[in-house]
Amino acid sequence: MSATTTNATPAPAPPGLPACAQVDLGAITSNVAALKALAGNAEVMAVVKADAYGHGLLPSARAALRGGATWLGVAQLPEAVELRRAGIEAPLLSWLHVPGQDFVKAVNLGIDLGISTTWALDQVLAAATVSGQTARVHLKVDTGLGRNGAWDADLEALLATLASAQAKQAVEVVGLFSHFAYADAPQHPTVKAQQERFEGIVAQAERAGIRPQVRHLANSAATLTNPSAHYDLVRPGLSVYGLSPVPDLAAPEDFGLREAMRLVARLSSVKESPAGQGVSYGHAYTTSEDTRLGLVPMGYSDGVPRHATNVGPVQVGSRRYAVAGRVCMDQFVLDLGRDSTAKAGDEVVLFGVGVEGEPTAQDWAAAIDTINYELVTRVGARVPRVYLGGDT
Ligand SMILES: *Cc1c(COP(=O)(O)O)cnc(C)c1O
Numbered sequence: 001m002s003a004t005t006t007n008a009t010p011a012p013a014p015p016g017l018p019a020c021a022q023v024d025l026g027a028i029t030s031n032v033a034a035l036k037a038l039a040g041n042a043e044v045m046a047v048v049k050a051d052a053y054g055h056g057l058l059p060s061a062r063a064a065l066r067g068g069a070t071w072l073g074v075a076q077l078p079e080a081v082e083l084r085r086a087g088i089e090a091p092l093l094s095w096l097h098v099p100g101q102d103f104v105k106a107v108n109l110g111i112d113l114g115i116s117t118t119w120a121l122d123q124v125l126a127a128a129t130v131s132g133q134t135a136r137v138h139l140k141v142d143t144g145l146g147r148n149g150a151w152d153a154d155l156e157a158l159l160a161t162l163a164s165a166q167a168k169q170a171v172e173v174v175g176l177f178s179h180f181a182y183a184d185a186p187q188h189p190t191v192k193a194q195q196e197r198f199e200g201i202v203a204q205a206e207r208a209g210i211r212p213q214v215r216h217l218a219n220s221a222a223t224l225t226n227p228s229a230h231y232d233l234v235r236p237g238l239s240v241y242g243l244s245p246v247p248d249l250a251a252p253e254d255f256g257l258r259e260a261m262r263l264v265a266r267l268s269s270v271k272e273s274p275a276g277q278g279v280s281y282g283h284a285y286t287t288s289e290d291t292r293l294g295l296v297p298m299g300y301s302d303g304v305p306r307h308a309t310n311v312g313p314v315q316v317g318s319r320r321y322a323v324a325g326r327v328c329m330d331q332f333v334l335d336l337g338r339d340s341t342a343k344a345g346d347e348v349v350l351f352g353v354g355v356e357g358e359p360t361a362q363d364w365a366a367a368i369d370t371i372n373y374e375l376v377t378r379v380g381a382r383v384p385r386v387y388l389g390g391d392t
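Structural data, given as structure tokens:
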């Protein structure tokens, strides 16, 4: 693996904000460029669902397109509609629907639709009739994930309906795709089995007269670790934002990636506290000596997990601390130590790229036994995203 290390010192957060998520759009652009280089002949669909994994939908999408993504992917139709209405012309795919969604709007806006059920195909065909346009669809098949995707029982029927609808130009089957169960464990036997199943279904579709332009299977982990799964298009999400999908195997920099989000707050107060003082609700922490307590105006409503009580890693100046006591809705406390010179207004770094010794989102994930995906996507709506390094 190539090692590209960036030593860019993060810019401090703008003063006067209780908390903010600084988003380095230049990192998103260069991460996509790195993914594109790894993908070889495959095109890159940057996955920007869930508000671009918490980084902000439109600025992140534009940064990804600047990096060479030629497609954008989202889970839900309203996300795709927002991208299209903002003037983004790249092909867009949305793949998770419920009956009664506005597929006419989707067809009129030229949004590609993932199809994994017979009801969805029926509703999309009806929408194509209403709009008088050809619906662009990607057949989503379940090759072993056991989640979203057509099973064998529906596959024959879907292929037959798609073939006849395609003959009438009601649909264009642009893609055929699936999703891995164990892409983050590249040696797991299901990985190869799913690929073989996928290739079998591609052949089955061809026999039914369906030759999609793009076959796609790879999420971030498969994009980074499994070139044999790249096919025509890769669908990285997490890695676009500079996080490693295989943190036990490799760090972001091992893939030439850089974390795009830096989550910071400002100390609201620093006060002297005696030894033996219980801290925050339920006194889950007690000071062991005379000390200084710093109040951080960020809590679980902002995405700081309540499970981070007493364990969430934080940096103030050059010192690392763990959250002291319960994380509350709007705030948590740090035991800064009696010799601390920290004062109200000083920056508190929850996570960033790690180049200045600060914790990373992966450090938080490890501390509270979750995955890095959850840390960035849960940053709350109250936390402003402040963009650096490119046009929004
Ligand atoms: C979320 C998602 C992706 C991106 O996955 P990452 O692990 O974040 O790269 C790709 N494809 C589908 C179908 C998804 O739901």
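Using the UniProt record's numbering, the first residue of the sequence shown is number 1, and each one after it goes up by one. Beta carbons: idealized from backbone N, C-alpha and C, even for Gly. Source: prediction; values computed, not measured.
Item	Value
Going by C-alpha to C-alpha distance, which of R292, A265, E259, C328 sits closest to G354?	E259
Determine the direct distance from the alpha carbon of V141 to that of L125, and round the result to whole angstroms.	19 Å
By the three-class DSSP mapping on this structure, what secondary structure does Q277 have?	coil
For L293 and S244, what's the separation of their Cα atoms in angstroms?	34 Å
Hey, how far is the Cα of R107 from the Cα of Q123?	A small fix is needed here, since residue 107 is Val in this sequence, not Arg. Going from the Cα of V107 to the Cα of Q123 covers about 11 Å.
Please determine whether the Cβ atom of H283 lies at a distance below 7 Å from any heavy atom of ligand 1.	no
Excluding five sequence neighbours on each side, which residues of the same chain lie with their C-beta closer than 6 Å to the C-beta of A27?	G242, R258, A260
Contact between the region 173–180 and the region 144–158: three or more CB pairs below 8 Å?	yes
Near S269, what residues of its chain come up, given a Cβ to Cβ distance below 7 Å and the 5 sequence neighbours on each side ignored?	L295, A344
Candidates Q76, P99, L35: which alpha carbon is nearest T117's?	P99
Are the region 278–288 and the region 371–382 touching by the rule of at least three beta carbon pairs closer than 8 Å?	no
Compute the beta-carbon to beta-carbon distance between I88 and A46, rounded to the nearest angstrom, for a pair I have assumed lies under 8 Å.	At roughly 11 Å, the Cβ-Cβ gap does not stay under 8 Å, so I88 and A46 are not in contact.
If we ignore side chains and look at the alpha-carbon of each, how far apart do V279 and A13 end up?	27 Å
Give a yes or no on contact between the region 46–60 and the region 225–243, applying the rule of three or more CB pairs nearer than 8 Å.	yes
Report yes if the C-beta of K49 is less than 7 Å from at least one heavy atom of ligand 1; otherwise report no.	yes
Among the residues of its own chain, which have a CB less than 6 Å from the CB of Q169, if the five just before and after it don't count?	T134
Would you call the CB atoms of V234 and T223 closer than 8 Å?	yes
With 16 other CB atoms within 10 Å as the buried threshold, where does V130 fall?	exposed
Just to confirm, are A63 and G390 a CB contact at a threshold of 8 Å?	yes
Using three-state DSSP, classify F255 as helix, strand or coil.	helix
Out of D330, E358, D369, which has the shortest C-alpha to C-alpha gap to H307?	D369
Sorry if obvious, but does the Cβ on N219 come closer than 7 Å to a heavy atom of ligand 1?	yes
So who's on the other strand from P313, going by DSSP bridges?	A322
Any heavy atom of ligand 1 closer than 7 Å to the Cβ of P236?	yes
Whole angstroms is fine: what's the gap from Q194's alpha carbon to P274's?	60 Å
Taking 7 Å as the cut-off, is the C-beta of S94 nearer than that to any heavy atom in ligand 1?	no
Give me the residue from G56, G200, V314, T309 with the minimum Cα distance to E356.	V314
Using a Cβ-Cβ cutoff of less than 7 Å, which residues in the same chain neighbour E347 once the five nearest sequence positions on both sides are dropped?	P12, A13, V264, R266
Name, in chain order, the residues that DSSP records as bridge partners for V74.	S94
Measure the beta-carbon distance from A342 to L336 and round it to whole angstroms, keeping in mind my assumption that it falls under 8 Å.	5 Å
Check T5 in the structure and name its three-state DSSP category.	Here the model assigns T5 a pLDDT of 39, short of 50, so the residue's position is not dependable and the matter cannot be decided.
Out of L17, G67, D112, which has the shortest C-alpha to C-alpha gap to S30?	G67
At a cut-off of 7 Å, is residue 394 close to ligand 1 when judged by its beta-carbon and the heavy atoms of the ligand?	Because the chain spans 1 through 392 in this model, residue 394 falls outside it and cannot be assessed.
Straight-line CA distance for A205 to W119?	19 Å
Note down, in chain order, each residue of its chain lying with its Cβ closer than 8 Å to the Cβ of L17, except the 5 sequence neighbours on either side.	R266, P384, V386
Does DSSP put G282 in a helix, a strand or coil?	helix
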